[in-house]
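>
Chains as they are written, first to last, in the numbering used here: chain V, 25 to 545; chain U, 25 to 545.
1) Comparing the C-beta of residue 254 of chain V with each C-beta of chain U, is any distance below 8 Å?
2) Below 7 Å between beta carbons is the criterion; list the residues of the stretch 382-415 of chain V that meet it against any residue of chain U, in chain order.
3) Specify the secondary structure class of residue 379 of chain V as computed by DSSP and reduced to three states.
4) Less than 7 Å between the CB of residue 417 of chain V and some heavy atom of the ligand SAH, yes or no?
5) With 8 Å as the threshold, decide whether the Cβ of residue 3 of chain U is near any Cβ in chain V.
6) Could you say which of V:308, V:302, V:179 and V:518 lies nearest to residue 549 of chain V if we only look at CA atoms?
7) How would you list, in chain order, the residues of chain V whose beta-carbon sits under 7 Å from the beta-carbon of residue 551 of chain U?
8) By the DSSP assignment, the beta strand (DSSP E) with residue 459 of chain V in it spans what residues?
9) If you scan the stretch 392-453 of chain U from start to end, which runs of the alpha helix (DSSP H) of 4 or more residues do you find wholly inside it?
10) Could you tell me which chain U residues have their CB closer than 8 Å to the CB of residue 314 of chain V, listed as they occur along the chain?
11) Listed in chain order, which residues of the stretch 412-443 of chain U have Cβ atoms closer than 7 Å to some Cβ of chain V?
12) Within a Cβ cutoff of 7 Å, which residues of the same chain sit near residue 353 of chain V, ignoring the five residues on either side of it in sequence?
13) To the nearest angstrom, how far is the alpha carbon of residue 209 of chain U from that of residue 440 of chain V?
14) Taking residue 273 of chain U as part of the beta strand (DSSP E), name the residues at either end of that continuous run.
15) By the DSSP assignment, the alpha helix (DSSP H) with residue 248 of chain V in it spans what residues?
16) Ignore the nearest five residues each way along the sequence and tell me which others in residue 377 of chain U's own chain have a CB closer than 7 Å to its CB.
17) Considering just the uninterrupted stretch of the alpha helix (DSSP H) at residue 506 of chain V, what are its terminal residues?
18) How would you list, in chain order, the residues of chain U whose beta-carbon sits under 9 Å from the beta-carbon of residue 324 of chain V?
19) If we call anything under 8 Å between Cβ atoms a contact, is residue 551 of chain V one with residue 327 of chain V?
20) Report the neighbours of residue 503 of chain U on chain V: residues whose CB is nearer than 9 Å to its CB, in chain order.
21) Check for me: the alpha helix (DSSP H) holding residue 340 of chain V runs from which residue to which?
22) Does the CB of residue 484 of chain V have a neighbour CB from chain U at under 8 Å?
23) For a contact defined as C-beta to C-beta under 8 Å, what are the partners of residue 521 of chain U on chain V?
24) Classify residue 287 of chain U as helix, strand or coil using the three-state DSSP reduction.
25) Helix, strand or coil: how does DSSP classify residue 314 of chain U here?
26) Start and end of the beta strand (DSSP E) containing residue 295 of chain V?
27) Pull up the distance between the alpha-carbon of residue 527 of chain U and that of residue 508 of chain U, whole angstroms please.
28) Do residue 153 of chain V and residue 524 of chain V count as a contact pair if the criterion is CB distance below 8 Å?
29) Check for me: the beta strand (DSSP E) holding residue 201 of chain U runs from which residue to which?
30) Is the CB of residue 535 of chain V under 8 Å away from at least one CB in chain U?
31) Is there a C-beta anywhere in chain V that falls below 8 Å from the one on residue 530 of chain U?
32) Measure the alpha-carbon distance for residue 260 of chain U versus residue 280 of chain U and round it to whole angstroms.
33) To which residues does DSSP link residue 87 of chain V through a beta bridge?
34) Could you give the C-beta distance for residue 453 of chain U and residue 412 of chain U, rounded to a whole number, given that I count them as a contact under 8 Å?
35) For residue 73 of chain U, which of U:150, U:53, U:110 and U:63 has the nearest alpha-carbon?
36) Any Cβ of chain V within less than 8 Å of the Cβ of residue 448 of chain U?
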């Protein structure tokens, strides 16, 4: 398979080989230009009485998928959010977060942006759609506002990340996926890191977490942010630990706080903060087969044990919220006690921490800080539902953001598939965003091809969950694909699939060699 | 990823590079030697008070994974079943099928064989296992007999396939997977086809369907059967159609019957027979988005429409059963009307046919012919459960054997992942065997690496379902893997995983290049 894809270059300046055209939808409240890809079809298809000779697709590629935009990585992407004419300070002296405005009944440009983006110019189709009897309506800016006001959805968008194309994470919206990137201490170049971020978006990553370590960590992050059209998340503890000379016990609140502010100023859109792991949980974690597998979690556990003090991320959580509030940074409450093996799934340690994350959610909401909750991990299939149910109950319906779950421990080398299985299931139950896992999970650092395999595996999972949840836009894409397949319109099949390049190449090879198309009885 | 695996050769005579040793468990009722792989661990692990310094694994590789067996593809594998001293004709004049003996209360060597195989020499572990409160017992030959008598499980084992290592398909046993192979009309060599069959078993295929077409179809099948330790399935209609000059309307019962007998004499263990598609279903199929996508189904639909007669596989089903009964061939009742797109899932055509398959099950059982039921196809996640529930209800708990289901139509190039997601779910609900899908599905014929990727993806799904169903043997493997992972015992991790070769190579590459092992926060 993969030899087909390995020779494809990834130019930082432009995503090539994607045949769809780039289009922009205008806002009606604000002067927005919401980018999408439009697939041109080779003929007109009729779906439920409506004609389709093209299909707009959700596009995470930003300016990189627009051939008319000239990009210079040294200068960064155009700061589009600055042109929307929304003066936050004038509107509200006390707070500038999306949640603040939402609660006040004020629609922000970001809210309108995501509503346009989710609908994909298919309002007519959405309104006419019915499967299983339930009536569906297009997403309105007002609906987005309500979901954010209630804490059921978030728009991670630091005021210092003007290059961002806003997106929404919440279970009444399209399921999103996150890709992790990050150089090692041995140091790949900054250009390489920007390239990896762009590469992730190209294949459909909705957000990117930069988990870089090493000497150039600040500068690398700066380049990524200035060149990223998607929200960037980080785990500030990683950098704080470097400042503490790599010694967990040498960490201090001041050091951590300064790191938060440093990254906040740069424009990081969401922070993973492991504030829910407490002294009282540690005995439960010690009873486990695989203890604490979260890196942030083990750092904090070490600190707590050494100092015999409560986790300072917990005790200082209100101060943290005050910082996040100033920049409208979302907090992703880390699951330090996520199970690292299926035998540890759904145990006292895990659900004990989840309850604390629920308390912290309320604290963050007091400061109008947007919250999502991180989830496992390794969980066998039949125990996945309980994770979703408990998260909604304990955490007041804040969006859930899970790593997998991986449904078995023995799939090394194939953990992207393992994770896609559990991810599809939990997303169909209401998980809002899936953190991808690559084939290198448990084995080493992913290369570019692993990133692509990981992203697409989780796109399959996310899309499958959207279908299960009755998303009309997703159903239309499948319907068009099947109509194209039934009429042997190969070009349309390529363009409507999740990875047009790969299947175009694979199909060409196969056709050249043989002649068949299907071999199942 | 895949470049690591592409240079591995696949010798027909011997599976190399598998470090575990081959061991044999002896029967107590019959003189059986049940082959397994035993993974040697680098140290002793304690699980629930028991010591493990090795782990026997279920092995589908047959003599190919035993370095001490000398194999000559021209002569075929040793006819082990002939040495078991079970004279069928003496025991029962009327019928010689597993179901016949089971109903009479007689345990066959095949029943004892599969019971030993399923337990993996872990009877003590199984007896002591408890998760979720339910007590579990090792599989006994008597339990196997009961399940077969009730039609809830089958052992596909043609009396003319003495080289076979018996295996069982039923929802109270380990979930199995099938791999499809088959040359094209352009003709790969016979050696290549044998090699593909062996290659499938090497990676864990429990059965193989030979879907070959072309001039050498009889001879190819002969070679595959004589060299196959796993049950071989076919779709006899494909060969019958070739005899009819490729014209569906020229098919006759006599021609089909003769093909059945020809293949039965060779030793085919199960036949896919599309006997459930009736004239009354055709109008429903015509209303569909993607009509009839099963090849056997479209052939029969064409025949019915041309002759304006009922499907002769249905009208002649009792005669078919009489043939199958003589050889103890299992029937896999084909789902001619499986949905080819998610929009067609769970429709009247599909469930109408499923009801007929239930009637035919009763007919087959009258002749003591073992039955399994084929299932979809393309089904969105939230509609999968209904498939399993209806199959159990309509088909009297006969084992279900599904293709996927694929949870979306747009994952071409990644359909093995798509199928593994739906497959894991339906298997966790009780589906007994998953037909693999390769990354080439919808695009072309799989090559050897696609076969491997397809097999392992579905091993992940099947194993995940076994865990969800509480299989103690599966839980032990995961526990040992996680203990090995927690103590950085890399060699044990490699050997306990689904594809030791790949991860050994990937890990070596990664370690050489960098130094990290995990990058999720």
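Ideal placement from N, C-alpha and C gives every residue a C-beta, glycine not left out.
Quick answer:
1) Cβ-Cβ to chain U under 8 Å: no for residue 254 of chain V.
2) Going along the stretch 382-415 of chain V in chain order, one finds 404, 405 and 406 with a Cβ nearer than 7 Å to chain U.
3) Looking at residue 379 of chain V - three-state DSSP - the assignment turns out to be helix.
4) Absent from the structure shown: the ligand SAH. Ligands present: none.
5) With chain U covering only 25 through 545, there is no way to say anything about residue 3 of chain U.
6) The structure shown does not extend to residue 549 of chain V, since chain V is modelled only from 25 through 545, so no value can be given for it.
7) Any question about residue 551 of chain U goes unanswered here, given that chain U covers just 25 to 545.
8) It spans 457-459 - the beta strand (DSSP E) in which residue 459 of chain V sits, taken as one unbroken run.
9) Listed in chain order, they are 408-418 and 439-453.
10) Those are 506, 509 and 510, listed as they occur along chain U.
11) Taking 7 Å as the Cβ-Cβ cut-off, the stretch 412-443 of chain U approaches chain V at 427, 431, 432, 433, 434, 435, 436, 437, 438, 441 and 442, given in chain order.
12) These residues qualify, in order along the chain: 182, 288, 292, 293, 294 and 295.
13) Residue confidence for residue 209 of chain U is low, a pLDDT of 47 falling below 50, so the modelled location carries little weight; the figure read from the coordinates is stated next. A direct Cα-Cα distance of roughly 35 Å separates residue 209 of chain U from residue 440 of chain V.
14) According to the DSSP assignment, residue 273 of chain U belongs to no beta strand (DSSP E), since it is labelled neither H nor E.
15) Counting along the chain, residue 248 of chain V sits inside the alpha helix (DSSP H) bounded by residues 241-250.
16) Here the set comprises 300, 301, 305, 359, 360 and 361.
17) Looking at the DSSP string, the run of the alpha helix (DSSP H) that includes residue 506 of chain V is 496-510.
18) Those do not exist, as residue 324 of chain V stays about 12 Å from chain U at its closest Cβ, beyond 9 Å.
19) Absent from the model: residue 551 of chain V. The displayed extent of chain V is 25 to 545, so no value can be given.
20) Near residue 503 of chain U (Cβ distances below 9 Å), the residues of chain V are 313, 365, 366, 367 and 433.
21) Looking at the DSSP string, residue 340 of chain V is not in any alpha helix (DSSP H), and its letter there is neither H nor E.
22) Taking Cβ atoms only, chain U reaches closer than 8 Å to residue 484 of chain V, which makes this a yes.
23) 434, 435, 436 and 437, listed in chain order.
24) In this structure, DSSP gives residue 287 of chain U a helical state, which the three-state scheme calls helix.
25) Three-state DSSP puts residue 314 of chain U in coil, outside helix and strand.
26) Segment 294-297, the beta strand (DSSP E) holding residue 295 of chain V.
27) So the alpha carbons of these two residues sit roughly 14 Å apart.
28) No. Outside cutoff.
29) Where residue 201 of chain U is concerned, the enclosing beta strand (DSSP E) starts and stops at 200-205.
30) With 8 Å as the cut-off, residue 535 of chain V counts as an interface residue toward chain U.
31) Yes, contact with chain V.
32) Residue 260 of chain U and residue 280 of chain U have their C-alpha atoms spaced approximately 7 Å apart.
33) Its beta-bridge partners do not exist; DSSP assigns none.
34) That pair is a contact at about 4 Å.
35) The residue with the shortest Cα to Cα distance from residue 73 of chain U is U:150.
36) Under the Cβ distance rule, residue 448 of chain U counts among the residues neighbouring chain V, one pair being separated by less than 8 Å.
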